[in-house]
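K.L.:
In this note's numbering, the protein residues as written are 1 to 298.
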């Protein structure tokens with residue numbers, strides 16, 4: 001009962017965050033259970049049903065969001081697009097986060113020439129638009145799911161590297177790290193046991209923000225023809241397919257457009273809320289760890 005009251009109080013006092021969790025939750029559920037929840041097969045074409053408006057009826061049932069130019073149910077395609085867009089976004093965030101955090105952690109802790117090289121690479125890559133790099137690489141390598149994930153990861157690893165390095169520079173000289181060194185702890189133990197836990201909260205917040213960036217970038221690539229290819233579906237590809245019918249069938253653009261807008265907006269709101277929570281948690285963790293270190297050296 002206390003849990004329910006606490007959840008109700010949170011929902012009432014954080015209406016925007018609660019709404020964002022609901023919107024993102026709907027997208028995640030649609031992605032996970034698309035084949036169970038989709039009212040129609042998202043791949044089946046029927047030209048006799050092309051460009052039906054929302055709430056139209058056919059022999060198979062009601063098309064709540066209408067149909068596209070090939071007679072495919074728009075809601076089913078939207079749910080399939082959620083699966084592909086979220087999968088690409090999450091996979092890219094994981095790969096880029098692992099690469100960037102590891103490099104930034106090593107560069108910030110050990111400094112020296114490796115830190116200088118990494119920071120010059122970060123500055124160089126951040127001076128070039130990531131979408132331009134992705135377009136060039138995918139044009140040469142060809143669009144595929146694996147190529148898209150790798151390209152997105154390569155174009156965004158430096159964000160994690162810069163944040164991880166900055167955090168490491170501020171943490172490597174604090175009291176609990178000095179105490180661990182004085183007690184003979186190895187560099188690996190210091191990094192894994194003492195420093196990494198203090199990095200996780202800010203990195204997870206950054207990963208949440210980057211998920212929205214990855215989804216928007218994937219949608220842009222698919223819209224330009226270098227992302228997900230037919231007959232698969234992504235929200236950017238649905239926009240590209242519907243732009244030819246903007247005046248005659250505007251729902252073909254409005255449906256995926258609003259899906260991109262509301263999903264990425266909800267992710268950003270959730271990330272902002274997580275940032276405020278993680279800041280308090282990080283200070284609390286650092287303070288308690290410092291107290292333990294002072295007790296150990298006393």
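Even for Gly, the Cβ is constructed at its ideal location relative to N, Cα and C.
Have a look at 260, 27, 277 and 105 and flag the residue whose alpha-carbon is nearest the alpha-carbon of residue 169.
P.N.:
Here residue 169 corresponds to residue number 169 of the chain shown, with the count starting at 1. Taking only the C-alpha atoms, the option nearest residue 169 is 105.
K.L.:
What three-state label does DSSP hand residue 123 in the structure shown?
P.N.:
Residue 123 sits at position 123 when you count from the first residue of the chain shown. In this structure, residue 123 counts as helix in the three-state DSSP scheme.
K.L.:
Ends of the beta strand (DSSP E) at residue 62?
P.N.:
For the purposes of this step, residue 62 is identified with residue 62 of the chain shown, where counting begins at 1. That run of the beta strand (DSSP E) goes 61-63.
K.L.:
Can you find the residues in the same chain that come closer than 8 Å, C-beta to C-beta, to residue 302, ignoring five residues on each side of it along the sequence?
P.N.:
Residue 302 is absent from the structure shown; the chain starts at 1 and stops at 298.
K.L.:
Look at residue 148 and residue 227 and say whether their C-beta atoms are less than 8 Å apart.
P.N.:
Counting from one through the chain shown, the residue named residue 148 turns up at place 148. Counting from one through the chain shown, the residue named residue 227 turns up at place 227. Yes, these two residues count as a Cβ contact at 8 Å.
K.L.:
Rounded to the nearest angstrom, what separates residue 36 and residue 42 at their Cα positions?
P.N.:
Taking the first residue of the chain shown as 1, we reach residue 36 at position 36. Taking the first residue of the chain shown as 1, we reach residue 42 at position 42. About 12 Å.
K.L.:
Label residue 8 either buried or exposed according to how many other C-beta atoms from any shown protein chain fall within 10 Å of its C-beta, with 16 as the threshold for buried.
P.N.:
For the purposes of this step, residue 8 is taken as residue 8 along the chain shown, with counting starting at 1. Exposed.
K.L.:
From residue 212 to residue 3, what does the alpha carbon distance come to, in whole angstroms?
P.N.:
The residue given as residue 212 occupies position 212 in the chain shown. The residue given as residue 3 occupies position 3 in the chain shown. Whole-angstrom Cα-Cα distance: 30 Å.
K.L.:
Quick check on residue 44: buried or exposed, where buried means 16 or more other Cβ atoms within 10 Å of its Cβ?
P.N.:
Sequence index remark: in the chain shown, residue 44 carries index 44 (1-based). Classification of residue 44: exposed, given that the 10 Å Cβ count is below 16.
K.L.:
Once the 5 residues before and after residue 223 are set aside, which same chain residues still bring their CB inside 6 Å of it?
P.N.:
Locating residue 223 in the chain shown gives position 223, counting from the first residue. Here the set comprises 236, 239 and 240.
K.L.:
Can you grab the Cα-Cα spacing for the pair residue 109 / residue 125, in whole Å?
P.N.:
Against the chain shown, residue 109 aligns to sequence position 109. Against the chain shown, residue 125 aligns to sequence position 125. About 22 Å.
K.L.:
Kindly identify the DSSP beta-bridge partner or partners of residue 115.
P.N.:
Within the chain shown, numbered from 1, the residue matching residue 115 stands at position 115. Bridge partners of residue 115: none, in fact.
K.L.:
List the DSSP bridge partners of residue 56.
P.N.:
In the chain shown, counting from the first residue as 1, residue 56 sits at position 56. Residue 56 is bridged to 63.
K.L.:
On the DSSP letters alone, give me the boundaries of the alpha helix (DSSP H) that residue 156 sits inside.
P.N.:
Within the chain shown, residue 156 is the residue found at index 156, counting from 1. Residues 145-171.
K.L.:
Tell me which residue opens and which closes the alpha helix (DSSP H) that residue 197 is part of.
P.N.:
One-based indexing of the chain shown puts residue 197 at position 197. From DSSP, the alpha helix (DSSP H) with residue 197 extends over 196-223.
K.L.:
Please state if the CB of residue 200 and the CB of residue 88 are separated by a distance shorter than 8 Å.
P.N.:
Reading the chain shown from its first residue, position 88 is the one you call residue 88. Reading the chain shown from its first residue, position 200 is the one you call residue 200. Not closer than 8 Å, so no.
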